[in-house]
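Numbering (my numbering), first residue to last: 6 to 279.
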């Protein structure tokens, strides 16, 4: 890798990320937004299958984002060449740290994502940076990377941040990136596939669901977290109707209405989070 030119690196990283996007997003899109098993219909979170215009927009902006991720690969390459990257590919830190480093990266990324996400919802910059992603009010898995170029730069910033600050094995870093994409696709699935009662369990207190992020696309000033629900709970930015919407989705009792209305008529569309 270190002997390749920057152009080769950019194309290689773009190609790998494009392959991952196709392998994760496209099957999820086809299954849930084109074929839609009958057993999943009661768990639909949006009004129905997305249209062709939305599909084209989500794919276009995702491919643009993947190109920017390719340029991030060049930056990572340059950091490695300069001896600044802490990503390694030998056994210097052992198996225990290899395993532990993955949740550490997820926690770091979740914190990075929450606060940069809230920043992108700042009214002065929202329309210039984050509005593109929110054009998908009823998102599909193809929207996983459907970012404005400026947002793509912010989103990919976690990679060099980890490389500069955290010693992680190359393979652990790849696992982290794969989990990130899987959760991103799940968050934009449009169907709640977690089991009934999950939100009332200890795991439901910690981890986010598809309902959580889908509701964010409809109630834009709430539900900012990625993997975990910890920051939203601490900062009071969970939508008041999140639990009701999740229960409705998993019990098949009108999830679309619950997403729109929340728990009560007073919790409709607040202009800002609490």
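From the three backbone atoms N, C-alpha and C, an ideal C-beta is built for every residue, glycine too.
Quick caveat: nothing in here was measured; it's all calculated off a predicted structure.
A residue is called buried when at least 16 other Cβ atoms come within 10 angstroms of its Cβ; residue 210 does not meet this threshold and is exposed. In this structure, residue 219 and residue 195 form a Cβ contact; the two beta carbons are roughly 7 Å apart against a cut-off of 8 Å. With a beta-carbon spacing of about 23 Å, residue 119 and residue 71 fall beyond the 8 Å limit used to define contacts.
Under the 10 Å beta carbon count, residue 236 is surrounded by 16 or more other beta carbons and is classified as buried. Between residue 183 and residue 208, the alpha-carbon positions lie close to 21 Å from each other. Within its own chain, the residues whose Cβ lies closer than 8 Å to the Cβ of residue 110, once the five positions on either side in sequence are excluded, are 167, 171, 173, 177, 178, 181, listed in chain order. Sorting 143, 199, 113, 169 by C-alpha distance to the C-alpha of residue 256 places 199 at the top. The Cβ atoms of residue 197 and residue 215 sit closer than 8 Å to each other. Remark: C-beta atoms of residue 53 and residue 19 do not approach each other more closely than 8 Å. In the structure shown, the three-state DSSP call for residue 114 is helix. In this chain, residue 88 is not harboured by any alpha helix (DSSP H), its DSSP state being neither H nor E.
Taking 8 Å as the cut-off, the Cβ atoms of residue 188 and residue 117 do not count as close. Counted as a single uninterrupted DSSP element, the stretch harbouring residue 40 is not any alpha helix (DSSP H), since DSSP gives it neither H nor E.
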